[in-house]
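**Student:** One structure coming up, written as structure tokens, with questions to follow.
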């Protein structure tokens, strides 16, 4: 039997526990049976056990406490994208099954059960879709652990997976047999299954040595649970497991003492010493690791977010700041402290006598069974090696500390370590996301976020979304943002969870997002009176063709600077990111169009480019160096701060650049906006306190820093708090002469004092520029090719199926745009059939046509024939005008062999390049856009984008279509 040792690889664990539900019976007729307070204990205990086990490092453990469905999906995709070695998904909560029993639905905090329908589980994730998402990961092995009623029904789903390579990668441990409900226990202890799971991960499996592997763990759980517990039917409680034969046994943990004396663990490989406590952190129960800072304080290592996902709505009792978490068994607390202390002694002895043990690192996995410990003669303490003496002293300190911990700190009072802190969700402009995330990371461990008892006040989840979509969501879609009612409009899916804080790049954007009052709104916005930082939009020009004089780089309009650039280098181009996605690009567009009645088409031609438009300014600066000639001859309209902090992503040597400062382009001026949601005030006081604390730290309220290098109007001191982070990234003061916030910004082609700015942007000017941009070349044309071959059957149903993804992309098309849908399968002589006739459509009519006509064919697809026909069709339609055109091919790539056979793909590359119609290849496969793949080669030749499931395919496709169409999204 093969064994897989993940240590030393990039491993991730996503722990999902739903203890609080928004809709429970009998108060809500369609609610779940009850809350599950016992589940709240599971997360901290399991996170501590995994960290002590050393396979998944502390930065690789993500805790999602009672997420709604959209938050769960986002965290799952983040873990899927990050993992390369082991990916572990744990779920505890309610599990529901339909009458047929052929599916398991994992019910999240917003779950409802609508009786009488075949798809009546709202706010729940079908295990089929969870497996599909997991299968897209690059992780070598995937382990799923389910602690819920009916967990065994997941076995049917796993067995129905047709591809043996997927089944071989995925092992499933189910807490109970199929169609059985189980008792979660009282609210003061973890659930019985997870309690035993933690015991085995910590103590090991009897007779199996120090290492805990999946198969032995599963069997030990089955034996113990069936002997000691009963399901609600009164039958033995029998956990189940599924692995493909021949099985690959996955290492999940190593007993703490063994891990200390072994080779490098997963935690060590990720840059942390197992058992080390981060500065300012509070260890979790039974753990000497930094769970307090990494898990319980909510750090989501690879996700780039701080704090577990949550809700703006009601929180479970006792989860607010300053309150202790659920009680943890004393035996676990004692065991963890003593095990770590003993491990420290063994580690010191190993360093003193390395010949006594052998390495058990990733390169040499240890076989089952214990290594006999050599007999060592007793020595007097005065003859102990200094390292051993130090470790022994450490053990004594640990024991004394443990005594105080139990008697004075927790044992007598019945308290426990810090509970997961209240989490805040922070939405920001995509160009600001990196800096805002750095600030949130810094705040997490700051004194401002640490309360008197040493616990964290809050965690912060940072996420970015397209600026135009956020404005529309807050202004017009607050109702479906709280409770999505269909696939057509779902801001939770398209933007993210409801934010507590929004940081747009300008005050004008906040003004654009205010509800109009024409329809009922469930959100209110409370913006600050003034921005807290500033960054002008600049023309970033390659040094070789930039103005030599500093004076000539300022004091002129964007048009004037571009004219001088053309005189210096006639072939120089200018690029700008997507104005619908970031505020900086829209502000650049305001300057590009100028005042009066501009020639918008001509202005857009001046920044036209081959290939897809970069969504953000950071992406633009990172893609230019991919082609050395393009990099040397292209200026970019970007925020100035990215010339300092946005230059670390290129894979090749980039051209040095100089900033030129147009005086008619408004600057970025990030603004702090408090967002409140109707019905989201159950923990209002605690949430307000957490937001206020972060606001004051971020904006350096009361810091008194001077404008001469900081924030304010005197004194000349460097700013503190979050402004220090913004200063390091190249931002300026929002007031006075807009001096750089940090005097230590490296020389990045900036001018310290570029002179007067264009002033603040106006909301009307930005809205007008956006509308002009969307209609610059008139209505667009889009031809959708939908792979309808038999292999698509498993990728067809629901909003995440191929027709559902197609319909969601219609949001970017208006009533004047022309579009059609072809079914690509070959039951006859023609390589396609017509689902929706080409022409203008109302969105609802187009969606109904897809619902009626999109069916899976018992035939293979002919992508070569369909693409040739599509190119010819679009070329004929666009012969007499300059309207934007696009072809979208949505496929699973199963029939790409028909492209590669007979050199068909090489025959296509020429027409794809010559016809001038961008082709977006949207592959429902994680490797569809790998370098050199057919999809990647075809989209690149046409000037289109290649999208696959490694990114957010649905959102990216909708954005691509919106760039061609005239829709509002």
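Residue numbers (my numbering): 926 to 1894.
Just so it is clear, CB atoms sit at the ideal spot from N, CA and C, and this is done for glycine as well.
Alpha carbons only, please: which of 1471, 1507, 1508 is nearest the one belonging to residue 1497?
**Tutor:** By 1-based counting over the chain shown, the position of residue 1497 is 572. Nearest of 1471, 1507, 1508 to residue 1497, Cα basis: 1471.
**Student:** Around the C-beta of residue 1647, are 16 or more other C-beta atoms found within 10 angstroms, so that it is buried, or is it exposed?
**Tutor:** What you label residue 1647 is simply residue 722 of the chain shown in a count that begins at 1. When all chains shown are included, residue 1647 counts as buried.
**Student:** Over what stretch of residues does the alpha helix (DSSP H) that includes residue 1509 continue unbroken?
**Tutor:** Working through the chain shown from its first residue, we reach residue 1509 at position 584. Per DSSP, residue 1509 belongs to the alpha helix (DSSP H) from 1508-1518.
**Student:** Using C-beta distances below 6 Å, list every residue in its chain close to residue 1557, excluding the 5 sequence neighbours before and after it, in chain order.
**Tutor:** Residue mapping note: residue 1557 aligns to position 632 of the chain shown, counting from 1. Excluding residues within five positions, the ones whose Cβ falls inside 6 Å are 1467, 1580.
**Student:** Tell me which same chain residues have a C-beta within less than 6 Å of the C-beta of residue 1506, skipping the five on either side of it?
**Tutor:** Here residue 1506 refers to the residue found at position 581 when the chain shown is read from its first residue. Same-chain partners within the cutoff: 1391, 1540.
**Student:** Anyone know if the C-beta pair for residue 1716 and residue 1820 falls short of 9 Å?
**Tutor:** Position 791 of the chain shown, counting from 1, holds the residue named residue 1716. Position 895 of the chain shown, counting from 1, holds the residue named residue 1820. Yes, they are a contact pair.
**Student:** Using the three-state DSSP reduction, which class does residue 1698 fall into: helix, strand or coil?
**Tutor:** Translated into positions along the chain shown, residue 1698 becomes position 773. In this structure, residue 1698 counts as helix in the three-state DSSP scheme.
**Student:** For residue 966, is the classification buried or exposed, using 16 other Cβ atoms within 10 angstroms of its Cβ as the cut-off for buried?
**Tutor:** Counting from one through the chain shown, the residue named residue 966 turns up at place 41. The residue in question, residue 966, is buried, as its Cβ has 16 or more Cβ neighbours within 10 Å.
**Student:** If we count Cβ pairs, one from each stretch, closer than 8 Å, do we get three or more for the stretch 1449-1460 versus the stretch 1595-1613?
**Tutor:** Touching, yes.
**Student:** Starting from the C-beta of residue 1424, find all residues in its chain whose C-beta is less than 6 Å away, skip the five residues before and the five after it, and write them out in chain order.
**Tutor:** Walking along the chain shown from the start, residue 1424 turns up at place 499. Closer than 6 Å at Cβ, skipping near neighbours: 1350, 1352, 1600.
**Student:** Within its chain, find whatever has a CB closer than 6 Å to the CB of residue 1051; leave out the 5 residues flanking it on each side and keep chain order.
**Tutor:** Numbered from 1 along the chain shown, position 126 holds the residue referred to as residue 1051. Closer than 6 Å at the Cβ level, and outside the excluded window around residue 1051, lie 1028, 1030.
**Student:** Work out the CA separation of residue 1122 and residue 1145 for me, nearest whole Å.
**Tutor:** Within the chain shown, residue 1145 is the residue found at index 220, counting from 1. Within the chain shown, residue 1122 is the residue found at index 197, counting from 1. Looking at the two C-alpha atoms, the distance is approximately 9 Å.
**Student:** Skipping 5 residues on each side, what residues in its chain have a beta carbon closer than 8 Å to that of residue 1695?
**Tutor:** In the chain shown, residue 1695 corresponds to position 770, counting from 1. Closer than 8 Å at the Cβ level, and outside the excluded window around residue 1695, lie 1393, 1504, 1505, 1511, 1514.
**Student:** Just checking my contact of residue 1788 with residue 1761 at CB under 8 Å: how many whole Å lie between their CB atoms?
**Tutor:** Within the chain shown, the letter at position 863 stands for residue 1788. Within the chain shown, the letter at position 836 stands for residue 1761. Their Cβ separation, rounded to whole angstroms, is 19 Å, which puts residue 1788 and residue 1761 out of contact at 8 Å.
**Student:** Taking the Cβ atom as the reference point for each residue, do residue 1759 and residue 1748 lie within a distance shorter than 9 Å?
**Tutor:** Residue 1759 sits at position 834 when you count from the first residue of the chain shown. Residue 1748 sits at position 823 when you count from the first residue of the chain shown. Result yes, Cβ atoms of residue 1759 and residue 1748 sit closer than 9 Å.
**Student:** Can you give me the start and stop residues for the alpha helix (DSSP H) that residue 1434 sits inside?
**Tutor:** Numbered from its first residue, the chain shown carries residue 1434 at position 509. Here the alpha helix (DSSP H) through residue 1434 covers 1432-1437.
**Student:** Label residue 1473 either buried or exposed according to how many other C-beta atoms from any shown protein chain fall within 10 Å of its C-beta, with 16 as the threshold for buried.
**Tutor:** The count along the chain shown starts at 1 and reaches residue 1473 at position 548. Counting Cβ neighbours within 10 Å, residue 1473 comes out exposed, since fewer than 16 surround it.
**Student:** If you draw a straight line from the C-alpha of residue 1595 to the C-alpha of residue 1523, how long is it?
**Tutor:** Locating residue 1595 in the chain shown gives position 670, where the first residue counts as 1. Locating residue 1523 in the chain shown gives position 598, where the first residue counts as 1. Cα to Cα, residue 1595 sits roughly 28 Å from residue 1523.
**Student:** Taking residue 1360 as the reference, give the member of 1388, 1138, 1376 with the closest Cα.
**Tutor:** Taking the first residue of the chain shown as position 1, residue 1360 is located at position 435. For residue 1360, the nearest C-alpha among the options comes from 1388.
**Student:** Can you tell me where the alpha helix (DSSP H) with residue 1528 in it begins and where it stops?
**Tutor:** As a first step, residue 1528 is located in the chain shown; it is residue number 603 there, counting from the start. Its alpha helix (DSSP H) spans residues 1525-1531.
**Student:** In terms of alpha-carbon separation, which member of 1649, 1849, 1701 lies closest to residue 1719?
**Tutor:** The residue given as residue 1719 occupies position 794 in the chain shown. Comparing Cα positions, the closest option is 1849.
**Student:** Would residue 929 and residue 1176 qualify as a contact pair, given that the criterion is a beta-carbon distance under 9 Å?
**Tutor:** The residue labelled residue 929 in the question sits at position 4 within the chain shown. The residue labelled residue 1176 in the question sits at position 251 within the chain shown. Yes, the Cβ-Cβ distance between residue 929 and residue 1176 is below 9 Å.
**Student:** What's the C-alpha gap between residue 1693 and residue 1008?
**Tutor:** Indexing the chain shown from 1 puts residue 1693 at position 768. Indexing the chain shown from 1 puts residue 1008 at position 83. Answer to the nearest angstrom: the Cα atoms are 43 Å apart.
**Student:** Report the three-state DSSP secondary structure of residue 1824 (helix, strand or coil).
**Tutor:** Position 899 of the chain shown holds residue 1824. If DSSP states are grouped into helix, strand and coil, residue 1824 belongs with the helices.
**Student:** Below 8 Å on the Cβ atoms is my guess for residue 1021 versus residue 1054; work out the distance and round it to an integer in Å.
**Tutor:** Reading the chain shown from its first residue, position 96 is the one you call residue 1021. Reading the chain shown from its first residue, position 129 is the one you call residue 1054. Wrong, their Cβ atoms sit about 14 Å apart, outside the cutoff.
**Student:** Using DSSP with H/G/I as helix, E/B as strand and the rest coil, what is residue 1350?
**Tutor:** Position 425 of the chain shown, counted from the first residue, corresponds to residue 1350. Strand.
**Student:** Residue 1067 lies in the beta strand (DSSP E); which residues open and close that run?
**Tutor:** As a working mapping, residue 1067 is identified with position 142 in the chain shown. Residue 1067 -> beta strand (DSSP E) spans 1066-1072.
**Student:** Would you please state the rounded distance, in angstroms, between the beta carbons of residue 1438 and residue 1687? I believe it to be under 8 Å.
**Tutor:** Sequence index remark: in the chain shown, residue 1438 carries index 513 (1-based). Sequence index remark: in the chain shown, residue 1687 carries index 762 (1-based). No, residue 1438 and residue 1687 are not in contact; Cβ-Cβ is about 15 Å, not under 8 Å.
**Student:** In the DSSP assignment, what residue or residues form a beta bridge with residue 1602?
**Tutor:** As a first step, residue 1602 must be located in the chain shown, where it is residue number 677. In the DSSP output, where bridge partners are listed per residue, residue 1602 has 1448.
**Student:** May I ask which residues mark the beginning and end of the alpha helix (DSSP H) holding residue 1119?
**Tutor:** Stepping through the chain shown from its first residue, residue 1119 is reached at position 194. Run containing residue 1119: 1117-1128, per the alpha helix (DSSP H) assignment.
**Student:** Using 9 Å as the threshold, is the C-beta distance between residue 1461 and residue 1564 below it?
**Tutor:** Here the question's residue 1461 lines up with position 536 in the chain shown. Here the question's residue 1564 lines up with position 639 in the chain shown. For residue 1461 and residue 1564, yes; Cβs fall inside 9 Å.
**Student:** Return the bridge partner residues of residue 1871 from the DSSP annotation.
**Tutor:** Locating residue 1871 in the chain shown gives position 946, where the first residue counts as 1. In the DSSP output, where bridge partners are listed per residue, residue 1871 has 1846.
**Student:** Taking the beta strand (DSSP E) that residue 1765 belongs to, which residues open and close that run?
**Tutor:** Translated into positions along the chain shown, residue 1765 becomes position 840. First-last of the beta strand (DSSP E) with residue 1765: 1758-1765.
**Student:** In whole angstroms, what is the alpha-carbon distance linking residue 1873 and residue 998?
**Tutor:** Along the chain shown, one-based indexing puts residue 1873 at 948. Along the chain shown, one-based indexing puts residue 998 at 73. Distance between the alpha carbons of residue 1873 and residue 998 is about 17 Å.
**Student:** Rounding to the nearest angstrom, what Cα-Cα distance links residue 958 and residue 1047 in this structure?
**Tutor:** Taking the chain shown and counting its residues from 1, the one referred to as residue 958 is at position 33. Taking the chain shown and counting its residues from 1, the one referred to as residue 1047 is at position 122. Between residue 958 and residue 1047, the C-alpha separation is close to 14 Å.
**Student:** Considering residue 1486, what are the terminal residues of the alpha helix (DSSP H) in which it resides?
**Tutor:** By one-based count along the chain shown, residue 1486 stands at place 561. 1483-1493 is the extent of the alpha helix (DSSP H) around residue 1486.
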